[in-house]
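A short write-up of the structure that comes next.
Numbering (full-length UniProt numbering), first residue to last: 1 to 699.
Next comes the structure, spelled out in structure tokens:
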């Protein structure tokens, strides 16, 4: 390809940069050249939708180099993840540019970076959308750059649209920030995962004159396969058995943090250092993530077993495989994640291990970002137009859970209903109206995407063609390489997990210890009390037998919570083993076992408490059984806590707990409020300590 669309001096700069990045003889593709030429003009708006590995980042490095050589200001790149930012800083350096990032992991460097940026010493600044929306960042940095930016880049731009699979409200505010800075600044948006509706929405937000450059999305290097008819536990064992056979190094994606941690432990238990793996989740500190990313990039790990936290932008060109333990809820997000593999090699495996357990996760994600009107009303009632209120205070006063509060405030900010100041959030006075038609449409789209993933797992047609079609790629056609086109799995993927591996994985996972940390704060709101829970009202660190959707307990949990009947012996014995491993951490040995059927299974809960009491020669007592346990998951924190406070009145508590250490056996909860409130009630009734043992921590 040649760069004839660029003037000679610009073409020379483009040639120098692309060769520095891709090697001698490299040239811009036609669409890369078209995008660069457009971005050299004032007020340009360009949206590039191209497959992973196509070279979208080359467009903004070349455009930055040209504009900087002509005296323009620095480029601002809005990127979603720290891993992407680190890779982009390195790529900018290869292009001869000085790049820096401001994020939570390099706080000590902020002042020097900000000074260098305002002095013109930095060519590229990379920030997260959350940082861009931060009022302190706006005051210190954006105001100083107003009118001086040479180019703005919105990477992973599908996140701008709430029709997309990874909508992030802070991204939606990017276009507002751009208009405040300088409308004449050229803007480039890039993504590999946008169907026609998302593309149109993003282009509309950028401006009616947006140039859209959309290419073919098929990846010839990827061999897609579905290994069907596996239970959740079978999937773990399949990974343990097949991981050594897969080529090179890669990523094993899971749908939850718990799955990533448990599967990494299972692989390590069976293979040890022969197959080195590590769990990678959003709960890790930035330094730990960086270390793991580098370990995989350097092939010191066979695989990272990761949640979607390792997704957009992670760059290892020779990644040999991507395995999904559970199907993502969207074909678009699945395409994005498998696109990590095979970027610079001729062949890579993309393997999906589906299960009927995935449907519950899909249903959750379908509505996870949809605002609940009753909760919005409670949040807005806390805010005023005068005094900023912190997120913690909003949670305490509204009774809405912290994660929902944070998401809701960002969504309301998009609509101009609230604003974020340095001291917290304020109401703007703009009324909020729930847009039924819009949100019903978003949920319908997400459910249609889940239906596409069901078709994918069933192998209804060529897997690559189905993914392309879901992204509205007009070039979609059978690939001839996938497990559907071939009619068989590749040799490296064939074969059921061994019985020995299944047993080893089950035994390991059932031995794992799940700590139950006490809540620190009362919820306020309808509960009435807020602030820190006093030590004399709290319980000790407890234990959970079954955490979330634990595959090693799946069948047992299904039967346990089907009808209220005595628990099977395996559950009672597992609790005894749990206690045996716990005893070294007790401040006191328990003297009386008290049961609380928080989830509405009194017979089952009492049977476990009886079994444990008999084996440990402990006394027995019970807390009152509510006449009816409502749907606690539909309640706010404050309402749920108030329900248990009103149920566990002082005169209903057993006298046997006075001056004794209580082992509190609870059937199930997701919020922990039954345990928190019951522990406080027991302590006030004279219990010297409370040790909670939860049978099932529900997701």
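Note that CB positions come from ideal geometry on N, CA and C, so glycine has one too.
Taking C-beta separations shorter than 6 Å and ignoring five residues to either side along the sequence, the partners of residue 632 in its chain run 640, following chain order. Between the C-alpha atoms of residue 159 and residue 194 there is a straight-line separation of about 9 Å. For residue 693, the enclosing beta strand (DSSP E) has its first and last residue at 689-697. Taking the C-beta atoms as reference points, residue 630 is found no nearer than 8 Å to residue 647. Beta bridge pairing from DSSP links residue 347 with no other residue. Contact between residue 47 and residue 174 is absent: CB atoms are separated by about 13 Å, not below the 8 Å threshold. Residue state for residue 461 is assigned as coil, using DSSP reduced to three classes. For the pair residue 492 and residue 290, the CB atoms are not nearer than the 8 Å cut-off. Here residue 434 is exposed: its Cβ has fewer than 16 other Cβ atoms, across all protein chains shown, within 10 Å. Collapsing the DSSP output to three states places residue 101 in a strand. Excluding its 5 nearest sequence neighbours in each direction, residue 408 has C-beta neighbours in its own chain below 8 Å: 371, 375, 376, 379 and 400, listed in chain order. Of all alpha-carbon atoms in 199, 220 and 217, the one lying nearest the alpha-carbon of residue 210 is that of 199. Going by DSSP, residue 522 is part of no alpha helix (DSSP H) but of the beta strand (DSSP E) stretching over 521-523. 8 Å or more divides the Cβ of residue 691 from the Cβ of residue 535. Residue 281 is not a Cβ neighbour of residue 237, given a cutoff of 8 Å. Two segments are said to touch when three or more pairs of C-beta atoms, one from each, lie closer than 8 Å; by this definition the segment 664-675 touches the segment 592-611.
In this structure residue 455 is not in contact with residue 366, their Cβ atoms being roughly 17 Å apart against a cut-off of 8 Å. Going by C-alpha positions, residue 340 is about 29 Å away from residue 410. CA-to-CA, the gap between residue 227 and residue 483 works out to about 9 Å.
Residue burial annotation: residue 134 is buried, with at least 16 other C-beta atoms found within 10 angstroms of its C-beta. Here DSSP, grouped into helix, strand and coil, assigns residue 506 to helix. Inside the UniProt domain "Helicase C-terminal" (238-395), DSSP marks whole beta strand (DSSP E) runs of 3 or more residues at positions 250-254, 277-280, 303-306, 321-325 and 348-353, from first to last along the chain. In the DSSP secondary-structure assignment, residue 622 is bridged to 595. For residue 514, the pairing in a beta bridge is given by DSSP as 544. For residue 218, the closest of 288, 189 and 335 by C-alpha to C-alpha distance is 335. Of the residues 262, 9 and 188, the one whose Cα lies closest to the Cα of residue 549 is 262.
Secondary structure note for residue 615: its alpha helix (DSSP H) is the uninterrupted segment 602-616. Residue 482 sits in coil when the DSSP states are folded into three classes, being neither helix nor strand. Within the same chain, Cβ atoms closer than 7 Å to the Cβ of residue 469 are found at 476, the five residues on either side in sequence being excluded. With contact defined as three or more Cβ pairs closer than 8 Å, the segment 320-328 and the segment 247-262 are in contact.
Under DSSP, the beta-bridge partners assigned to residue 661 are 689. With fewer than 16 other Cβ atoms from the protein chains shown falling within 10 Å of its own Cβ, residue 577 counts as exposed.
Straight across, the Cα-Cα distance linking residue 446 with residue 329 is about 8 Å. Taken atom to atom, the span from the alpha-carbon of residue 526 to that of residue 635 is near 11 Å. Scanning 38, 183, 18 and 502 for the CA closest to the CA of residue 230 turns up 502. Annotated as proximal: residue 697 and residue 514, with beta-carbon spacing under 8 Å.
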